[in-house]
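In what follows, a structure is listed as structure tokens, so that the remarks can point back to it.
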Amino acid sequence: MVSIIDKPFQLLGDKVGVSLDLIETLACLILAYPLSLLLRKIKTPKYRNLYCFTLGICYLVHLQDMIMHYSSYSMRINSAIMIPCILLSSFAYNYYDGTRNKKATISQKQLSFSEYPPLLEYLAYLLNFNTILVGPPSNFKDFQRFINREDIKEINTQYRKKNSTAGSKLIDNSIQIGLKTLLIAIMFLILHLVTSKYFTLEDIMEDNFIRRPFIIRLLLIHVIGSGQRFKYYLGMTMAEGSNILSGYGINGYNYQTGKIKWDKNKNVYPIKCEAMDTIFLAPKIWNIKVSNWLRDYIYDRIVIKTTTPETIDEKKDDQKTKPPRMKKKNTFLGTGVTFFVSAIWHGVYPGYYCTFITWFLLTLSARVIRKNIRTFFITSEGKAIQPFKKIYDIICYISTQCVLDIMGFPLLLMTKNRILRFYHTINYWPFYIIPPLLIFFKIPIFVKYIGVIRNIWLGLITKKDQIVNKKNVVPIR
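The numbering of the sequence shown is the numbering used here, which starts it at 140 and goes up by one.
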């Protein structure tokens, strides 16, 4: 029976040049769309939970069957537990914040709860068919509000309070947005198939690749990397669309048009990723929900220390309290632990650790470089110094794209020998440029001289602007 089901997928995969596991994963993601439409019709929370849980179990059973019976199946077992790992850990922390954590921050209190949910609701949250394969993961309170339809009720109440026009109501455009998202995902599928047909990872492993000019190698690496990213854009976008179709992801509404916003579960901004000119944007535009998990449950809990609330005036009867004061400490430790946890969460292959260790060093270097260099091109009033700022932005874009391509490739190549061969093709240049820059900008005497040069430079720019402004003044007659 299983072979009969898999045969058409295998034939389709052979025709378009895609592996069986990718074809069947896409089939599961596409199947989630009609299943999400059915979920919209179920109004009772109990049956909504049962529906999500049952379909999630079916997905897992199919995945396990593929792993057990197909030696050619390439999806690693950790792929099926990555999302539940996020959900379990965030669930535990949110319960801890609601019961024991007296120094929880405001954002932590907003996500906290103090009572265990029913077993069925808990299992539906962990095994929700819309998120179990590629996400996007969410916190338990958001899922609970979705199941109980509290989010749509609350937003309708808010709209009626602010809009007194008789008969006016919010426009539920989730079906249009969901199908539009599906079309965007199909576009990324086509782009991935086209680019992977002519530019593959194996091209970098060939002996003649290193004989090409260095600039050509960098351009090919960028094209191949973009082709591989299209695959991830495809998965994230498809999962986002099925969530929207089910009614999950409400994030307010547009006050002018009265249309509901559906970007709460937004997980990636593909155009911004391809146009990224600084690595600090990455957590906000790529795999956003995982980045939020790392920030909220790893980084912030190491770096942010809160003090107990203090009363404003103890003599008054209606004692008001200040919110807990937050202090940031141990940013170096927090950054290092966060990248290490991210590597462990991905798996045990050497490629994960190469990527996130080098990303850690890159982040530290980028911080000090941006702090010391960017200020050369912005005045104390925050005004950009042109045309130097434009030149600086172009250099930042090119260098960021090159570095991100090179840092991300070990994540795709996985094994030690393939990674070392890749580093050999680029002459190991990130490793003898990034660490020296980090050390240079950490030496106090050099930082001091850079500050002196910057002050002289900004003084000259200010004088030049003053002279130009005097010339442009029209005398009063």
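By construction, the Cβ of each residue, glycine as well, lies at the ideal position given by its N, Cα and C atoms.
Values in this document were obtained by computation on a predicted structure and should not be read as measured data.
Residue 231 (DSSP reduced to helix, strand or coil): It is helical.
Cβ contact (3+ pairs, closer than 8 Å) linking the segment 353 to 370 and the segment 253 to 266: Pairwise C-beta distances place the segment 353 to 370 out of contact with the segment 253 to 266, as fewer than three of them are shorter than 8 Å.
Residue range of the alpha helix (DSSP H) that includes residue 321: Counting along the chain, the alpha helix (DSSP H) containing residue 321 begins and ends at 313 to 337.
Residue from 421, 514, 399 whose Cα sits closest to the Cα of residue 311: Of the candidates 421, 514, 399, the one whose C-alpha sits nearest the C-alpha of residue 311 is 399.
Closest Cα partner of residue 341 within the set 548, 566, 568: Among 548, 566, 568, the Cα nearest to that of residue 341 belongs to 548.
Nearest-angstrom Cα separation, counted from residue 584 out to residue 507: Going from the Cα of residue 507 to the Cα of residue 584 covers about 14 Å.
C-beta atoms of residue 510 and residue 517 nearer than 9 Å: Result no, Cβ atoms of residue 510 and residue 517 do not sit closer than 9 Å.
C-beta contact flag for residue 246 and residue 237 at 9 Å: By the CB criterion at 9 Å, residue 246 and residue 237 fall outside the cutoff.
Three-way DSSP call (helix, strand, coil) for residue 263 in this model: Residue 263 falls in the helix class under three-state DSSP.
Coarse secondary structure for residue 523, derived from DSSP in three states: Residue 523: strand per DSSP, three-state reduction.
Expected contact under 8 Å - CB spacing of residue 348 and residue 564 to nearest Å: Sure, about 6 Å apart at Cβ, within 8 Å.
Pair within 9 Å by beta-carbon distance, residue 291 and residue 386: The answer is yes: Cβ separation under 9 Å.
Whether residue 326 touches residue 168 by CB criterion (9 Å): No, Cβ-Cβ distance for residue 326 and residue 168 is not below 9 Å.
Three-state class that DSSP yields for residue 398 in the structure shown: Residue state, collapsed to three classes: strand.
Whole-angstrom C-beta distance between residue 424 and residue 407, which should lie under 8 Å: Right, their Cβ atoms sit about 7 Å apart.
Inter-stretch contact at 8 Å, needing at least 3 Cβ pairs: the segment 363 to 374 / the segment 329 to 336: Output reads yes: the segment 329 to 336 touches the segment 363 to 374.
Cβ separation of residue 379 and residue 320, assumed to be a contact under 8 Å, to the nearest whole Å: Cβ atoms of residue 379 and residue 320 come within 8 Å of each other, at about 6 Å.
Proximity of residue 569 and residue 497 at Cβ, strictly below 9 Å: Against a cut-off of 9 Å, the Cβ pair of residue 497 and residue 569 comes out as a contact.
Close-in-space but distant-in-sequence residues of the same chain around residue 282 (CB under 6 Å, 5 per side omitted): Spatial neighbours of residue 282 in its own chain (CB-CB distance under 6 Å, excluding positions within 5 residues in sequence) are listed in chain order as 264.
Residue 186 in three-state terms, based on DSSP: In this structure, DSSP gives residue 186 a helical state, which the three-state scheme calls helix.
Coarse secondary structure for residue 600, derived from DSSP in three states: Residue state, collapsed to three classes: helix.
Counterpart residues of residue 392 in DSSP-defined beta bridges: 399, per the DSSP bridge assignment.
Residues of its chain near residue 383, where Cβ-Cβ distance is below 7 Å and the 5 sequence neighbours each way are ignored: Excluding residues within five positions, the ones whose Cβ falls inside 7 Å are 313, 316, 317, 320, 401.
Alpha-carbon to alpha-carbon, residue 539 and residue 225: Looking at the two C-alpha atoms, the distance is approximately 29 Å.
Residue 255 burial status per 10 Å Cβ neighbour count (16 or more: buried): With fewer than 16 other Cβ atoms within 10 Å, it is exposed.
Enclosing alpha helix (DSSP H) for residue 420 [first to last residue]: No alpha helix (DSSP H) holds residue 420; DSSP gives it neither H nor E.
Rounded distance between the beta-carbons of residue 577 and residue 500, thought under 8 Å: With a Cβ gap of about 7 Å, residue 500 and residue 577 count as contacting.
Beta-carbon gap between residue 267 and residue 197 smaller than 9 Å: Contact flag unset, no.
Residues near residue 560 by beta carbon distance below 7 Å, same chain, minus five either side: Cβ contact annotation for residue 560 (same chain, cutoff 7 Å, sequence separation greater than five): 344, in chain order.
Beta-carbon proximity check, residue 276 vs residue 229, cutoff 9 Å: Yes; because the gap between Cβ atoms is below 9 Å, this pair is in contact.
Inter-residue Cα distance where the pair is residue 223 and residue 432: Approximately 12 Å, taken between the alpha carbons.
Cβ separation of residue 271 and residue 195, assumed to be a contact under 8 Å, to the nearest whole Å: The beta carbons of residue 271 and residue 195 sit about 5 Å from each other, so the pair counts as a contact at 8 Å.
Beta-bridge pairing of residue 533 - partner residues as DSSP gives them: Bridge pairing for residue 533: absent [DSSP].
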